[in-house]
Structures are given as C-alpha cells and as structure tokens.
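To keep things clear, I will list the structure first and then write my remarks on it.
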Amino acid sequence: MEKRMTMWESFSSRGISRRTFLKTCSALTVLMGLPFTDYKKVVEAATKQPLPVVVWLHGHECTGCDEAFIRSQSPLASDLLLNLISLEYSDTLSASSGEPFEKHLESVIKQYDGKFILAVEGGVPLADQGISCMIGGKPFVDILKGVAQHAAAVIEYGSCAAWGGVQAAKPNPTGSVSVSKVVAGKPIIKVPGCPPIPEVMTGVVMHLALFGQIPPLDSQGRPKQFFGNRIHDTCYRRAFFDAGMFAERFDDAGSRAGWCLYKLGCRGPETYNSCGNMRWWNGLSYPIQSGSPCIGCSSDGFWDNGPFMERLPNIVTPNSLTNADKVGAVATIAAMVGVTAHAVASSLQKAKYPPVEPPKDEEQEKEDKH
Amino acid sequence: MKRVVVDPVTRIEGHLRVELTVDETTGKVQDALSSGTAWRGIETILKGRDPRDAWAFTQRFCGVCTTVHALASVRAVEDALGIQIPKNANYIRNIMAASQATQDHLVHFYHLHALDWVSPVEALKADPVGTASIQNAILSKYDLGLSGPVEFDTGAYPKEFPRATPSFFKAVQDKVKKLVESGQLGIFAAHWWDHPDYRLLPPEVHLMAVAHYLTMLDRQRELVASHVVFGGKNPHPQYIVGGMPCAISMNDMNAPVNTARLGVVDASVNLGISAVNYFDLPDLRAIGDIDVTQHKVVDGGGLAGKCVRGYGDFPEDTYSGIANGDYHKRLLLRCQGVVENFAAGVMAAKFTNLEGKDYVDPEIITENIEHSWYTYPQAGKGLHPFAGVTDPQFTGPKEGTKTNWKYLDEKGKYSWIKTPVWRGRTAEVGPLARYIVVYVKVKQGLMQPTWAEKMMVDQVDAVSKVLGAHAHVWMVSTVGRTACRGLESQVMAYVNKYFLDKLIKNIGAGDTATANMEKFEPATWPKEARGVGLHEAPRGALGHWIQIKDGLTANYQAVVPTTWNGCPRDSRAGYGAYEASMIETRVKEADKPLEILKVIHSFDPCIACATHLFDTEGNEKSVAHSDPFLNVCGGCGK
Chain V
2 MEKRMTMWES FSSRGISRRT FLKTCSALTV LMGLPFTDYK KVVEAATKQP
52 LPVVVWLHGH ECTGCDEAFI RSQSPLASDL LLNLISLEYS DTLSASSGEP
102 FEKHLESVIK QYDGKFILAV EGGVPLADQG ISCMIGGKPF VDILKGVAQH
152 AAAVIEYGSC AAWGGVQAAK PNPTGSVSVS KVVAGKPIIK VPGCPPIPEV
202 MTGVVMHLAL FGQIPPLDSQ GRPKQFFGNR IHDTCYRRAF FDAGMFAERF
252 DDAGSRAGWC LYKLGCRGPE TYNSCGNMRW WNGLSYPIQS GSPCIGCSSD
302 GFWDNGPFME RLPNIVTPNS LTNADKVGAV ATIAAMVGVT AHAVASSLQK
352 AKYPPVEPPK DEEQEKEDKH
Chain B
1109 MKRVVVDPVT RIEGHLRVEL TVDETTGKVQ DALSSGTAWR GIETILKGRD
1159 PRDAWAFTQR FCGVCTTVHA LASVRAVEDA LGIQIPKNAN YIRNIMAASQ
1209 ATQDHLVHFY HLHALDWVSP VEALKADPVG TASIQNAILS KYDLGLSGPV
1259 EFDTGAYPKE FPRATPSFFK AVQDKVKKLV ESGQLGIFAA HWWDHPDYRL
1309 LPPEVHLMAV AHYLTMLDRQ RELVASHVVF GGKNPHPQYI VGGMPCAISM
1359 NDMNAPVNTA RLGVVDASVN LGISAVNYFD LPDLRAIGDI DVTQHKVVDG
1409 GGLAGKCVRG YGDFPEDTYS GIANGDYHKR LLLRCQGVVE NFAAGVMAAK
1459 FTNLEGKDYV DPEIITENIE HSWYTYPQAG KGLHPFAGVT DPQFTGPKEG
1509 TKTNWKYLDE KGKYSWIKTP VWRGRTAEVG PLARYIVVYV KVKQGLMQPT
1559 WAEKMMVDQV DAVSKVLGAH AHVWMVSTVG RTACRGLESQ VMAYVNKYFL
1609 DKLIKNIGAG DTATANMEKF EPATWPKEAR GVGLHEAPRG ALGHWIQIKD
1659 GLTANYQAVV PTTWNGCPRD SRAGYGAYEA SMIETRVKEA DKPLEILKVI
1709 HSFDPCIACA THLFDTEGNE KSVAHSDPFL NVCGGCGK
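Quick note, the sequences are listed as chains V and B, same order. According to the numbering used here, the residues represented by the first sequence are 2 to 371, in order. According to the numbering used here, the residues represented by the second sequence are 1109 to 1746, in order.
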C-alpha cells in the first residue's frame, strides 16, 4: 500500500499553493478549538506528521470499547491501526508493558505535544484521591490530567468516559465521573454507548484522519452524524409503534411478529444513537431487531433508569393523548407526545430512583418502585 | 538480587501490576507478587435493584469476555426463582457461549499473547518464499485430524485458509518495513524486541505469524455474529431472565429469528471451525513444538500440577436448577471438580467432585484476606461468599506514597483481590484446569466421556505424541496452558456447531419457544430466595451468587476466574496461581522480563471486576470495601 501523504504533500501534489495550505492550517487551528498561538504547531503537524497519533488511556472500564473498536468492518481494524492512525499507547493492543511503555508515553507526549488525539475509555474515580484505579503506581485521574493538557483533542469513548458509566450508577462507590468533569480547555468529542457501535467509534477517528478536523457536534458534544436522531426516529419497527401494534410480553405473538417493544421497556424513544440506521455488523441487527428492548446504553444516567424491561410509567400531562396505550389510535400526534412523555417520565424516574444510601424502610421503597 | 516492577501489564483486560525479586546471576525468580490495582464496586451498585436487570450490570464487569457474566447472572436468578428455561433458550445461550470462547481464545492468542513470541522486527529478516513453504509444512504437520459431530454439513470448503503465497508474505513484509521506517511503530512501539527469546523461532515463522495476526484481526468479528443475531450486538448482547428475548418464527417476516438469521449464524460457525483448524491450532502447535522440543522451555506450571478446579458447563438440555444438582446431570463438558497433584502423573492425581449443594456449602469455598486490602471481624478465619464481609483497609505501598507507589508490601496487604480457596487450598482455573480435570476423570475411568470430552482427551494424547512427552509434563507449563486454550478453541468451534444443529432440529420439530415468562413478574416470586449461577467462561470457572428479598436484589457476589488465578498469597493456602507460576519461571534478563509477560499472558488475565461495599447485614461501610471475589473480571474467565 502507498505510504499516506502528509496534508502538505497532498496539497502540493494537487498544485495547491503553500499560501492556501497555510490558510487551511489556520482554519484548522480554529476548527480544532486550539488557541491561535498553536497555529505553527498545526502547520508543522500537517507538514511532517504522516499519521495522526492516538494515545488511548484506560480508566474504570471493562475493555468492551476496545473490543467494539476492533470489530469495525469499515474501516477494518488492520487498515485503521496501520494506515489511518498511529496508536502509540494502548493498554489492550500495545506490545510493550511496564516501564518502557510508560517512558514511551512520556516521549510521545513530548514529541507530539499539542498534536495527538487522546482517546479515553472508562470513568474517572475521584474518591479517596483516586486510589481505586492505579496505573504504574499512580492514580488514573492524575495520569489523565497530565496527558490531556498536551493533547490536541479528547475523545470520550463509551458511556463510562462520556457519562461516568456503570460504576457511577447509584451509589457510585468510587466517586466515578466522566472525563469532561476533570479535563478542561480541550475540544472533547463524546462517543457514548455501552459500547458504541464499532463503525461509530472508528468513524470518529476516520473523520479526524480524513478531514483533519473534529466532526460537527451537537450541544452535548456528540458527533451529529452518529447521534443526531433517536433510535425511535430510525427504528424499522417504528411503523408498529405508530399503528399501536405492541409486543405485550416476551415470546408472545407480537414478539414473534416483530412488533414494537415499547411496552416491554424499550428506551428507543429517548436514546440518541445510530442503532436504527447503521445497526451492528454493518446492518445485521441491533437489540430491537433481535427482540430485545433498547436499554438506552448511550444515554446519560441510563443505569439508574431501570428496571430495563418495564415500560416507563405513564405520565399525566396537560395533553390527555399521552397515554401510550392509545397511541395507535391517534397515530402521529400521539406518537410525538408519547416521545415527550418518555423523556419526562425518564427524568422523573431518575429523580425518584431509591438511593442505596441511606437505606429506606421497605414500605417506602416499595412505594417508590410502583 | 533485583526487584523488578511491571506495571501496567498490557495486552490484558484491566489493571494489573506484578513485582519480582530476581537473582540476576541465575535468572531465578525468588519471589513474585501479583496485585489487582483497581476496583469498581458494581456489586454494591446492584443492591436494591431489580434482579432481572443484574445481567446487564454484571456483563459490564468485562467486555473482552463479554456475555459470560450475563449468562452466569441469569442462571443465578433462574436458580433462585426456580425458572426452567425452554430448550431453544438453552441451545441459543450455549451457542453464544461457544462462539465467545472460540473468538475470545483466538483473539487472545493472536492479539494479546502472540507478540510474546513473535516480533515484527524479526519478520523483516524472513524470506517470503521460505515463509510460504513453512506455511505449507505447518499446515500438513500440525493437523490433528480431529473433529466434532456435524449433522447439517453446510460448509462446502474452508471459508478462510492461510495464504501460502510468497507474494502475499512479501506484501505483508513490505508493510511492516514501511511501518518501521516511518518511526511510527504504533502498537509495536517501545517493546523489548531485542530480547534473545525472539530469536527462538526462525524469521519465516515470525512473518507468517504477523500475517495471521493481521488476518485474524480482521476476521475475528465474524466469529461472534451469533451475539448480534440472538442478542442484538457485541460486545454486551442482550439477555432476559427466563430465556432469550429473540423470538423465533417461520411465519412472520419481521421475526428476530428465522431461517435467514440462522443462516448468518451458520456461516459464522463454519468460519470459526476454519479459523481454529487452519490458523489458531497449527500456529500454536508449531510455536509450542519449537519451544518444547528444540529449546526445552517447559516452566511456569505453578499450581497447575498441584490443584486445579472447574464447575462444568454446556447443559445438553434444559434443567430445573443448579443448587439442586440437576444442572450437573446433563452437561456436555463435565469438568466440575478438583484435581490435586496432577504433576505426579494422571493416575496418581487425586480427584474430588464438586456438584449441586457443594456450591452453597459454607465450608467448601471460602475466601481469605491476609494480603488483601480488607479486614475481617475475626482475624485469620476465611468466609464463604454468602457470609462474605468486605471491609476495606487500604494500607498503601511498602515504599513510596499512597498515590505514587514504588514497591508494594509482600509481607503485608498488597492487592484489591481477595484469596479464594477450595478446602483451604488455592487453585488454578481456566482451559488448562478444564483439560486436566477431564483428562484425569476419563483416564481414571471415573466417567464415560461425551464426544466433547473424548475429543479433549484425544487432542491431549495427540499432542503428547508429537512432543514425545507425557501429558503431566508438557501440560503443567506456560506453553501447556497456552496450548490447552488453543485445543479448547477447536472443541468450542464444534460445540458451537453441535448446539446450532440441535437448535435447528428442535425448531424443525415445531418448538419455537424462547422464553418462560411464568415467573417473570415479581408478584409471583417468594418473599426471599437465593441462587447460584455457574459458567465455564473462557478464562475459567465463574460463579455468581444472588440473594433476592421482596423482589429486589438483597446481595450479589461474583467469584470470578481471575480472582482464583490472580489472587495474592496466603500463609496457609500458599501462593496464588500467577505468583506460583512466576516463581517457577526463569528470567534471562532481569530488566526485560519477557518470560514473565508470557507466563502472565498464558492465564489471559482479566482484572476489570470490582467489589461491593456491604457487610452481611447489608449495611454500608464507611470506606471502600471490595467483594473479595469480584476484584477481577472473572466472567471472562479472566
């Protein structure tokens, strides 16, 4: 395969002037959210650096995001790792261990100061000075802060890095938080999901590698091309929701016929993700297509939004049409209101989830549940 | 004497630190400690939640061995509530588990372990023509000639096969060369490539293995297509208590499972068989053969020759419970039990059964905390998981500060992992343990083997023949541990096919049920219930214990494989499996302990799991407590 051209090589080979190239670099500096004083560094990077350097740190995580990353079909993992990026530090894939590995991180930070992409997988535990996640004898939070200040941009891979994740569910024993709670002053791309869809993960890096810029983000910092719609908006079972055709329990006639799983607890109407359009394994399936209600794994705080297999409660709103049982009767309008009701219901649900500490008496807890 | 620290240990799941004291003149490891340096508290988080959601939380213990904790969890809840799942659900779960084992073992070998033997730098010296001929030689020499039962023979020819073409190897070599010249080595950067052990294999084997590293990196995703079809995604497919959510229908166009979907799984199962038969196994056997017969590298056995343990798995059919003993009556893989003293020979080894009520007996499995960052009310007495106390006592390192360690304290507490013991002994779990238990049970005539068990015994005998060594000699080593994982991937590829055949036949007979919903609603549950869920995860025997009260999870504990293998020492029980194996490993260069990476990787560590914060009464403790058992991601079996 051809060696990848630097951005400058690519420009000059197409007869684009140095002046235009420099202009582009200054635009890039702004696009990447870097201070204009970093302009020279961007020029240098675009001239000399053949592959975008990625440093991947692991905090409180399960490595499911790495696994998702290498499940990508397009681009394939090998093309990505050898031709699109240079993954210089990864607990999971790097050959090196221990001291040379840590020294290498130091030298990468120095060599690519302000130019590398920092990918973070996992939440950041803060309780007791962060001792519940130690790497190389130091708390992860300290390492993260140290590396992040030298990065060009930060990717929060997965719901742990983006929102705190499963360990941050109540009562959050380790005081885990998202990366953006401890890293400031850097452009941050949120890529939530537990794990995210493989091609969403690689798509973000691919975008950075191909276009040299951060993909357009929504107000929460998520790439719009992957998180711009709710699963409900793109779900192939949406027509059944609109028609009021629901599975009432697992393995009933509705489940077998592939009707809407809303009554079995589906969080699709409040979950922003690409499951409905991209699906998993390049279109093969996603939880709903496999008969399982969405648990909302890319949403902030979804772990405290259970029980997953129970329909979110009906909410009485000024609009009497919001009872979801009647949705089918008044298709479109009711569907829209139903979605709103979901969002409201979910936020109320979060607020009233019984905290584990202090323990409540049983009566109260029962009441809260039902 | 030199003290060497390796932290972080990479190419594993989670955060692991090891420290060694090495005699630099002899290379002998005088002492070794293994420390899990992270805990997440997921068991604490489970308390007070709906037990029907526990699978989703526990599955996030580990994403490498995804699916395994979800499976152990739904089995535990079903055991507690007396739910018998439909046949199809049992078959589908077995397919997902076998797919996982096949894929996970393969990814472990190529992407987490192979770089301990294979170097891209050495591959540059290879002759591509010679590589092609070595590839051919390996394929013919290392074919075991074994297979499992195949009822619906849908695979016309091998769907992936090693290319033995000089121009292919030349292209791979050119790519590696460009990578090295660019100075951007990426995942290959900063390793001990100059270690003498990288010259044990000829350069052509290095180039072949690097090519396979890349080929399998791109194909492994297809081996878990069953998770995506039946569970909607991977990692972390979806389950339900009572069966599987993927309804089956041949009458509905939109059904989650129909003929076309089964076709997707079938293609994936066939690819798995090709991948293990033509890549994983021959490569592994070639490397192992060169190590053992030419270089006599047989060390790192540790606890394998002393005490190994399994739980058994792959129910042939649906069962009424685990603690009541029914689960163990119809298993395809009956590796439940303990084997002591295998190093003395297969007939001299001692077998002890482990079934049904043994899993809830407070005397049989206990956990100690002598060297773990916890404290017990009664010092020196181990506790059963059901009576577990997890009161943390972080004591810091021996040298350095709380947030900047130099050396951990091997004489005091040094890990977030507790020390689980079987009747007072530490034990090794994992593929090697499963092979030893089955081999001993069959050879001693303690059971008539199922087809899968017979295949395991035949594999071991075939390898013994090639190596010219007794099973108890070559198996009890780092190479043996890695080899058994490879052998098991072959068995698992056929177990996958076996249960897919059973699923198809059962659907063909008119049974499409996937879920038993009779006891899904909490209103149907007893006021209190408790159960155990078992699974032979890729990394070893996994157990989940749940207590349900008033429809909610009152207590939850998972005893995971890496807790057994990665635990700290105990003055009476002895060293943990990692530590015992490291101590039996010779290190050529103290400051480049490549052999230690090899032996640790041979266990396929998974350190992600964490701990819970409650004592037996469910009162929250003031500081961080860890479930002794859950310190490591065991699901993955790691």
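Positions of the beta carbon are idealized from the N, C-alpha and C atoms, including for glycine. All figures in this text were calculated on a predicted structure; none of them were measured in a lab.
With a cut-off of 8 Å on Cβ pairs, the segment 86-95 of chain V is in contact with the segment 1281-1297 of chain B, counting three or more such pairs.
The beta-carbon of residue 1348 of chain B is placed less than 8 Å from the nearest beta-carbon of chain V.
Under DSSP, the beta-bridge partners assigned to residue 1527 of chain B are B/1476.
Partner residues in a beta bridge of residue 1703 of chain B, as assigned by DSSP, do not exist. Of all residues in the segment 1599-1632 of chain B, only 1621, 1622, 1623 and 1625 place a beta-carbon less than 7 Å from a beta-carbon of chain V. Chain-order list of chain B residues neighbouring residue 149 of chain V: empty, with the shortest C-beta distance near 18 Å, by a criterion of under 7 Å. Residues are counted here when their Cβ sits less than 9 Å from a Cβ of chain B; for the segment 125-139 of chain V these are 126, 128, 129, 130, 131, 132, 133, 134, 135, 136, 137, 138 and 139, given in chain order. Annotation: Cβ neighbours of residue 259 of chain V in chain B (cutoff 9 Å, chain order): 1355, 1357, 1360, 1361, 1362, 1363 and 1364.
At least one C-beta of chain B is nearer than 8 Å to the C-beta of residue 82 of chain V.
Using a Cβ distance threshold of 8 Å, residue 232 of chain V and residue 283 of chain V do not count as a contacting pair.
In this structure, residue 1209 of chain B keeps its C-beta atom at 8 Å or more from the C-beta atom of residue 1583 of chain B. By the Cβ neighbour-count rule, residue 139 of chain V is buried, with 16 or more other Cβ atoms within 10 Å of its own.
Burial state of residue 1561 of chain B is buried, judged by a 10 Å Cβ sphere holding 16 or more other Cβ atoms. At the C-beta level, residue 1369 of chain B and residue 1535 of chain B stay beyond 8 Å of one another. Residues 266 of the same chain have their beta carbon placed closer than 6 Å to that of residue 311 of chain V, with the five preceding and five following residues left out of the count. Each of V/175, V/107 and V/169 was checked against the Cα of residue 144 of chain V, and the nearest Cα belongs to V/107.
Counting C-beta pairs closer than 8 Å gives three or more between the segment 1621-1628 of chain B and the segment 1349-1363 of chain B, which meets the contact rule.
In the DSSP assignment, residue 1562 of chain B falls within the unbroken alpha helix (DSSP H) covering 1559-1575. Counting only Cβ-Cβ distances below 7 Å, residue 202 of chain V has no contacts in chain B at all, with the closest Cβ about 12 Å away. 94, 95, 96, 97, 98, 99, 100, 101, 102, 103, 104 and 105: these are the residues of the segment 94-105 of chain V whose beta carbon lies less than 9 Å from some beta carbon of chain B, given in chain order.
Across the segment 1490-1516 of chain B, CB contacts with chain V closer than 8 Å involve 1502, 1505, 1508, 1510, 1511, 1512, 1513 and 1514, in sequence order along the chain. Around residue 1480 of chain B, no beta-carbon contact reaches into chain V at under 7 Å, the shortest distance being about 14 Å.
Boundaries for residue 1513 of chain B: no alpha helix (DSSP H) harbours it, while the beta strand (DSSP E) harbouring it runs 1512-1515, taken from the DSSP string. Residue 1516 of chain B counts as buried, since no fewer than 16 other beta carbons sit within 10 angstroms of its beta carbon. In the DSSP assignment, residue 1446 of chain B falls within the unbroken beta strand (DSSP E) covering 1445-1448. Residues of chain V whose Cβ lies closer than 9 Å to the Cβ of residue 1711 of chain B do not exist; the shortest such Cβ separation is about 15 Å. In the displayed model, residue 202 of chain V falls within a helix according to three-state DSSP. Under the three-state reduction of DSSP, residue 171 of chain V is assigned to coil, being neither helix nor strand. Per DSSP, the beta-bridge partners of residue 1417 of chain B are B/1446. Beta-carbon to beta-carbon, residue 287 of chain V and residue 1340 of chain B are separated by about 5 Å, close enough to satisfy the 8 Å threshold.
One alpha carbon belongs to residue 212 of chain V, the other to residue 1491 of chain B, and they sit about 58 Å apart.
The beta carbon of residue 250 of chain V sits closer than 8 Å to some beta carbon of chain B. Contact annotation, residue 1118 of chain B with residue 98 of chain V: C-beta distance approximately 5 Å; criterion of less than 8 Å satisfied. Residue 1202 of chain B and residue 1663 of chain B have their C-alpha atoms some 27 Å from each other. Less than 8 Å separates the beta-carbon of residue 176 of chain V from that of residue 127 of chain V. DSSP lists V/155 as the beta-bridge partner residues of residue 189 of chain V.
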